[in-house]
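Q: My questions will all concern the structure given below.
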Amino acid sequence: TGLVFGVPGLASVVAGVIGGRLIARYGSRRVLVTGMTVQALATLPAVFVGTGLSSLALLVPALFIGFFGHVSAIVAYTVTGTSGLPDEEQGLATGLTSMTQQVAITVGVPLLGAVAATQSVELTGIRLALGVNVAVTLASVVLIRYGLRRHAGR
């Protein structure tokens, strides 16, 4: 149903609008870690969801929550990558953060596709790939949480 495709877009718009406010209140590091955690945990139900229409009752809210976390994390990631730089370096920093996202998509999607292809039953492969996605995202959260330095006051 089209509802499934509209929900992530709506969540992305909402997160894009209030992401800056969340960062102003909690700091980009905290919003980045929280957003990625929310994204991972909201993806987890998709690992177990079935193929029937009743599964949409779980999937649609999970998509909204997951995409909200994802876009909040992207906003925080961009702010983190550009904060504290002189004006003349902002364009370079923004370009590097955007390029990093594109490289991650270029590498990540085929890798998850390869993981899914290791299974003989399509739904089993998709579930495995989603589980790997959750695990990699949570591992990244740990690395960011403990590896990203705090700025003064945050």
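Residue numbering for the sequence shown is 122 to 275, as defined by our numbering. Beta carbons are placed, not taken as given, at the ideal position from N, Cα and C, and that holds for glycine.
(1) Using alpha carbons as the reference points, say which of 199, 180 and 208 lies closest to residue 128.
(2) State buried or exposed for residue 142, treating a residue as buried only when at least 16 other CB atoms are found within 10 Å of its CB.
(3) Taking the alpha helix (DSSP H) that residue 242 falls in, what are its first and last residues?
(4) Over what stretch of residues does the alpha helix (DSSP H) that includes residue 203 continue unbroken?
(5) In this structure, does DSSP put residue 207 in helix, strand or coil?
(6) Can you grab the Cα-Cα spacing for the pair residue 191 / residue 159, in whole Å?
(7) Measure the alpha-carbon distance for residue 274 versus residue 194 and round it to whole angstroms.
(8) Return helix, strand or coil for residue 257, following the three-state DSSP convention.
(9) Residues in the same chain with beta-carbon distance under 6 Å from residue 206, minus the five sequence neighbours each way, listed in chain order, please.
A: Taking the coordinates as given:
(1) 180
(2) By the Cβ neighbour-count rule, residue 142 is exposed, with fewer than 16 other Cβ atoms within 10 Å of its own.
(3) That residue, residue 242, is in no alpha helix (DSSP H); it is neither H nor E in DSSP.
(4) 177-203
(5) coil
(6) 8 Å
(7) Note that residue 274 scores a pLDDT of 40, beneath 50, so its modelled location is shaky; the value from the coordinates is reported in the next line. C-alpha separation (whole angstroms): 20 Å.
(8) helix
(9) Excluding positions up to five away in sequence, the list reads 214.
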